Amino acid sequence: MTGMHGVTSLRFNDKPLPVEFDPKTFVAIGEHVTKFKSYLGNLAKFDVPILATRWGDVSEVEKNLLWQDILENWVIPDDERIRKKILSQIATRWRDFKTTMTRKFVFGSKQNKTPCTKYKISDEAWVQFKESRLTQEWQVCFIIFCSSHTR
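Counting in the numbering used here, the sequence shown runs from 96 upward without gaps.
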């Protein structure tokens, strides 16, 4: 785990910041929620493999490492319900990130540029990701997915 860039700036006197959770929904609330959500988004971008096809393909070891990273950098309860909620939020941000990479760097205005340096993606992983998006199989699945979500 690389953790979020500048995570020390999210600490007060080098101590992790506390995050509160709604007792019914387990959604993060309180003073530091915006910073916490940003942190989760960065974990999704930098620490979840871009080549995993689905969130279910991300190993439990990797998910446990994400959770440990969060526990080390934030004061939150080590509760399985909160863990599931947070990992679900990371999964959503990870899917959004992959969609953005596809839209901008595979089919969009940045096709001739690489996101590798900015997002710490290896050249090999980027080529594999880009090629996977250019297959007929992926494009058919994408069209089916899009049409089922526009109803």
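C-beta: ideal position from N, C-alpha, C; glycine also. The model shown is predicted, which means the values in this text are computed figures rather than measured ones.
Taking 8 Å as the threshold, find out whether the stretch 108-127 comes into contact with the stretch 159-176 through three or more Cβ pairs.
Contact annotation: the stretch 108-127 touches the stretch 159-176, with at least three C-beta pairs closer than 8 Å.
So, using beta-carbon positions, are F141 and K208 closer together than 8 Å?
No, the pair does not count as a contact, with Cβ atoms beyond the cut-off.
Measuring only between beta-carbons, confirm whether T148 sits less than 8 Å from chain D.
Among the chains in the structure shown there is no chain D, since it carries only a single protein chain.
Between the stretch 179-189 and the stretch 226-236, do three or more beta carbon pairs fall short of 8 Å?
The stretch 226-236 and the stretch 179-189 do not touch, with fewer than three beta-carbon pairs separated by less than 8 Å.
Using CA coordinates, which residue listed in W162, I185, Q163 and T148 is at the minimum distance from C236?
For the residues W162, I185, Q163 and T148, the minimum Cα distance to C236 belongs to T148.
The stretch 198-206 / the stretch 151-167 touching (three or more Cβ pairs under 8 Å):
Result no; under three Cβ-Cβ pairs closer than 8 Å.
Does DSSP put A147 in a helix, in a strand, or in coil?
Under the three-state reduction of DSSP, A147 is assigned to coil, being neither helix nor strand.
Which same chain residues, not among the five before or five after A186, have their C-beta less than 7 Å away from its C-beta?
Here the set comprises W150.
Measuring alpha carbon to alpha carbon, tell me which residue in Y134, V156 and S133 is nearest P144.
The residue with the shortest Cα to Cα distance from P144 is V156.
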